[in-house]
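Residue numbers (the numbering used here): 2 to 83.
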């Protein structure tokens, strides 16, 4: 588990050598975030906390999950296997 404290915001440049967190939508209009070379789709929202799962979860079995609070990346659970 990797934890971050307000380092990532939606910017075009990296902060302290960490890739920016970019919000967007899929071609179907679903929320998506991009962080580095990885993309996550929105899975669940409870109050201000949102869980995102890796887009390769179905195709590669990737179990990595990102957690954002107030649109800031707070936690990455698991590791990417691709």
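Note that beta-carbon positions come from the ideal geometry of N, C-alpha and C, so glycine has one too.
- Beta-bridge annotation (DSSP): residue 52 is paired with 45 and 68.
- Excluding sequence positions up to five before and after residue 80, its CB lies within less than 7 Å of the CB of 65, all in the same chain and listed in chain order.
- Closest by C-alpha distance to residue 23, out of 45, 49 and 53, is 53.
- Each of 82, 31 and 30 was checked against the Cα of residue 57, and the nearest Cα belongs to 82.
- If you check the CB distance, residue 36 and residue 60 do not come in under 8 Å.
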